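Below: the structure, in structure tokens.
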Amino acid sequence: MKQSKYKGWLYLLPAIIFLGVFMVYPLIDVIVYSFEEGYNFVSQTSTGTGLYNYRYVLRDTYFVQALKNTFVLVIITVPVSTGLALLISLALSSVKPLRNLFQTVYFLPYVTNTLAVGLVFMVLFKKTEYSDGMINLLIHFFGGETVDFIDGPHWAKMLVMCIYTVWIVLPFKILILTSALASVKEDYYKAARVDGTRPSRIFFRITLPMISPMIFYLIITGFIGAFKAYSDEVALFGTDLNSAGMNTMVGYIYDMLYGNSGGYPSFASAAALILFAVVFTITCINLMVSRNNVHY
Amino acid sequence: MKITLDHVTKRFPNRNKKIHEDVIAVNDFTFEIPDGKLIGLLGPSGCGKSTTLNLISGLEMPSAGRIYFGDTDVTDLPAENRGVGLVFQNYALYPHLTVLDNITFPLGNLRGAEKLTKEQMRAKATEVAKLVQISELMERRPSELSGGQQQRVAIARALVKMPSVLLLDEPLSNLDARLRLQTREELARIQKETGITTIFVTHDQEEAMSISDLIVVMKDGVIHQIGKPQEVYDKPCNLFVAKFLGTPPINVFEGRVKGGKLYIGDDAVLDVKLAENEADGKDASDKKSKDGEREVWVGIRPEGFIPDENGPLSCSLQKIEVMGRDTSVVSTHPAFAGTTIRSIIPSEDTAGIGGETVRFRLKPAKVCIFDRETEKTIEFTQP
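Residue numbers (the working numbering), protein chains in the order written: chain A, 1 to 296; chain B, 1001 to 1383.
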């Protein structure tokens, strides 16, 4: 029996080493960095320990801007994309002809490279010497004024950002929701039909509760994903996100680590831990809400 | 409510696109279900029983024919307007709702003048819950119930809106043997107490026979026989019905009728006089060979054998299985159509059985004669 105890650990060893080196150690390291003041990468020295890094980050206007941007992104894109995905999935599961075609079309953004999608959005929104972009042409058609979506006012940039994010997360959500809808047994609907249930009641009392676990899964992963947004911003607004005013929290962390002035690991770590705290809190709230609303 | 099916046919397009012929699930059904009775739709799987049920419920629309509830033609009414209660094979209870919410769900669909308050719904639910004896389970979720309890909840949900017709699709197939026995009695009781016309589908002939007022035996979308269980058992209209009803099944022999005697092999087992005015009497006379011989199938129920040292039917004995009250005698005969003959004999009459052969006398009432080709029953009398 004793031997088998060691054997068990032996089998676990590869995973433990891997997780230890690539997850646990860096995690601890980040926490340590975040409390070391004036840490220097080259000399590997610090001037002391304390909460200075946190104080600095929280007072940094760029960080506050990034925090605001991230929150706006999360609050707008998660509900919109989940709701939209639900509508599209419902439509998809109720049409018979061309369903496969539509499913493919809706799934395209998922397999398309972020930067390639960014290029497409440039065509749609970017103002160049030759054209104002497709969307502006549309606005002109309806008699509106040109809006510079890429280098213009903050709300316009945010709008493009939200549309972009919604569009790019939609396929995965549609995929999950269509399969969730398909897994609701036909018998439930038949039973409801025999009882003369109205379509709206069928949706709210049967369909929605039945797929609620999947919806909550999408909301939680959606929140986490949106908090970690970064590459999409780069695809649209380039690498200098701070001056574009479109930075996100992950972008801020990246800039602190590798940005042009290069190398403030302590500030980056502090920002990363703040991000972690935010995501953790939101996820806990989500789970608490879902426990009361997801029934089985 | 009386239900009438008038030449109802249901065709489905063939799944195999290369075959353009439709699949006929229900073929030209005409029968009348009397008010307030318990009817069993019986047949092997794939015979169109569930389709028939769906047609009556309105979940499927017939390709041809009319369906009447009482005197009203409901053929074109969708399911929700027919007022039927339907219990599914897997119950289809909403897993996220409590038993109470499941039962009141159909009531929540009522609108306008019929709309009920929460208290009224609860009162109605409590009433049916009492009827099906689940009053103490009202706050549970379906996943916390046993199969039998779920079944009762499903019945309660179907009954709560006081349907004119209650339909049950294989209601007992998901229950274990003991529970099945118990639940089928329960089903009969609930039906008696409510007096609602009830139709249930089953492939288990014992189940159908034991509780139905009337059974409908189907095969391949065609009704073979309708009647009271005992009548259908005693006087099956053809070989299929005879074989389908009864456990152990009827023993079928190759036989012939010659000179007023029924032969199995070379044993003249009964004196018979075939009814001449049977349906296909005309071609029956053609089939008779010159010496008046006619090839037939002879079906003998297991309880139709009487052991008798001087009996006309001689079989070679294989084994004797004691079952307590009865004894099952397993034997073979060269003219037997299956492998072994199984006869059920009261245990006190088995004293003389032993050795290589066993001889039987037959109870004429337990013998059926079928045409060799059409497999239809040939009526006979004993001279």
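All C-beta atoms in this analysis are idealised placements derived from N, C-alpha and C, irrespective of residue type, glycine included. These numbers come from a predicted model, not from an experiment.
What are the residues that DSSP puts in a beta bridge with residue i?
{"i": "V1392(B)", "result": "In the structure as shown, chain B begins at 1001 and stops at 1383. Residue 1392(B) is therefore absent and cannot be evaluated."}
{"i": "V1257(B)", "result": "L1262(B) and R1294(B)"}
{"i": "G48(A)", "result": "E37(A)"}
{"i": "N1251(B)", "result": "I1300(B)"}
{"i": "K1010(B)", "result": "V1026(B)"}
{"i": "I1320(B)", "result": "V1329(B)"}
{"i": "V1201(B)", "result": "L1041(B) and D1169(B)"}
{"i": "T1004(B)", "result": "E1032(B) and Y1068(B)"}
{"i": "L1086(B)", "result": "L1167(B)"}
{"i": "N1238(B)", "result": "K1376(B)"}
{"i": "A1268(B)", "result": "Y1263(B)"}
{"i": "T1381(B)", "result": "K1273(B)"}
{"i": "I1134(B)", "result": "Bridge partners of I1134(B): none, in fact."}
Give me, in chain order, the residues of the same chain whose beta-carbon lies closer than 8 angstroms to that of residue i; leave out the 5 immediate sequence neighbours on both sides.
{"i": "L108(A)", "result": "P171"}
{"i": "G1147(B)", "result": "N1174, L1175, D1176 and L1179"}
{"i": "H1007(B)", "result": "D1028, F1029, T1030, A1064, G1065 and R1066"}
{"i": "V30(A)", "result": "S269, A272 and L273"}
{"i": "W1273(B)", "result": "Note that residue 1273(B) is Lys in the sequence shown here, rather than Trp. Cβ within range, chain order: G1260, F1380, T1381, Q1382 and P1383."}
{"i": "L19(A)", "result": "none"}
Let me see if you follow: with CB-CB separation under 8 angstroms, is residue i close to chain A or not?
{"i": "N1277(B)", "result": "Unreliable positioning characterises N1277(B) in this predicted model, as indicated by a pLDDT of 48, which lies under 50. The coordinate reading is nonetheless provided below. No, N1277(B) does not count as interfacial toward chain A."}
{"i": "P1106(B)", "result": "yes"}
{"i": "E1080(B)", "result": "yes"}
{"i": "N1109(B)", "result": "yes"}
{"i": "V1216(B)", "result": "no"}
{"i": "Y1233(B)", "result": "no"}
{"i": "F1069(B)", "result": "no"}
{"i": "K1363(B)", "result": "no"}
{"i": "F1253(B)", "result": "no"}
{"i": "F1088(B)", "result": "yes"}
{"i": "H1096(B)", "result": "yes"}
{"i": "S1328(B)", "result": "no"}
{"i": "A1386(B)", "result": "Lying before the first or after the last residue shown, residue 1386(B) is absent from chain B, which here runs from 1001 to 1383."}
{"i": "L1059(B)", "result": "yes"}
How about residue i: is its C-beta nearer than 8 angstroms to some C-beta of chain B?
{"i": "V194(A)", "result": "yes"}
{"i": "T197(A)", "result": "yes"}
{"i": "D151(A)", "result": "no"}
{"i": "M210(A)", "result": "yes"}
{"i": "A191(A)", "result": "yes"}
{"i": "F280(A)", "result": "no"}
Return the residue from the list the options that minimises the CA-CA distance to residue i.
{"i": "D1028(B)", "options": "G1048(B), P1013(B), G1043(B) and L1038(B)", "result": "G1048(B)"}
{"i": "L67(A)", "options": "V289(A), L241(A) and S212(A)", "result": "L241(A)"}
{"i": "G1255(B)", "options": "V1272(B), D1308(B) and R1294(B)", "result": "R1294(B)"}
{"i": "Q1318(B)", "options": "T1339(B), M1121(B), T1104(B) and P1013(B)", "result": "T1339(B)"}
{"i": "I224(A)", "options": "I282(A), N53(A) and F203(A)", "result": "I282(A)"}
{"i": "M1387(B)", "options": "S1331(B), N1102(B), G1036(B) and V1241(B)", "result": "Coverage of chain B is limited to positions 1001 through 1383, which leaves residue 1387(B) absent and any answer about it impossible."}
{"i": "G1355(B)", "options": "E1021(B), G1260(B), V1330(B) and L1181(B)", "result": "V1330(B)"}
{"i": "G1304(B)", "options": "S1316(B), V1322(B), S1328(B) and I1320(B)", "result": "S1328(B)"}
{"i": "Q1089(B)", "options": "E1348(B), P1307(B), P1229(B) and P1171(B)", "result": "P1171(B)"}
{"i": "N1310(B)", "options": "N1238(B), A1275(B), T1126(B) and T1357(B)", "result": "T1357(B)"}
{"i": "M161(A)", "options": "Y188(A), K173(A), A235(A) and M134(A)", "result": "A235(A)"}
{"i": "V986(B)", "options": "I1300(B), G1265(B) and P1142(B)", "result": "In the structure as shown, chain B begins at 1001 and stops at 1383. Residue 986(B) is therefore absent and cannot be evaluated."}
Identify, in the order they occur along the chain, each residue of the same chain with its Cβ nearer than 6 angstroms to the Cβ of residue i, setting aside the five sequence neighbours on each side.
{"i": "E1060(B)", "result": "N1054"}
{"i": "R1152(B)", "result": "V1132 and I1134"}
{"i": "C1237(B)", "result": "Q1225 and T1377"}
CA-CA distance, residue i and residue j?
{"i": "E1375(B)", "j": "P1364(B)", "result": "19 angstroms"}
{"i": "G1040(B)", "j": "V1201(B)", "result": "6 angstroms"}
{"i": "G245(A)", "j": "H140(A)", "result": "27 angstroms"}
{"i": "P1013(B)", "j": "T1051(B)", "result": "14 angstroms"}
{"i": "V166(A)", "j": "P14(A)", "result": "39 angstroms"}
{"i": "G1259(B)", "j": "F1380(B)", "result": "14 angstroms"}
{"i": "N286(A)", "j": "V1023(B)", "result": "51 angstroms"}
{"i": "A1284(B)", "j": "G1036(B)", "result": "Here the model assigns A1284(B) a pLDDT of 47, short of 50, so the residue's position is not dependable, and the following value carries that caveat. About 41 angstroms."}
{"i": "A1125(B)", "j": "K185(A)", "result": "25 angstroms"}
{"i": "E37(A)", "j": "T47(A)", "result": "6 angstroms"}
{"i": "L98(A)", "j": "L177(A)", "result": "18 angstroms"}
{"i": "R201(A)", "j": "S183(A)", "result": "19 angstroms"}
{"i": "V64(A)", "j": "L138(A)", "result": "34 angstroms"}
{"i": "F1069(B)", "j": "P1307(B)", "result": "51 angstroms"}
{"i": "S266(A)", "j": "D232(A)", "result": "25 angstroms"}
{"i": "E1021(B)", "j": "S1045(B)", "result": "21 angstroms"}
Using a Cβ-Cβ cutoff of less than 7 angstroms, which residues in the same chain neighbour residue i once the five nearest sequence positions on both sides are dropped?
{"i": "L1038(B)", "result": "A1188, Q1191, T1198, I1211, S1212 and D1213"}
{"i": "V1232(B)", "result": "I1215, V1217, Q1225, V1241 and L1245"}
{"i": "R1140(B)", "result": "T1098 and V1099"}
{"i": "G118(A)", "result": "A235 and L236"}
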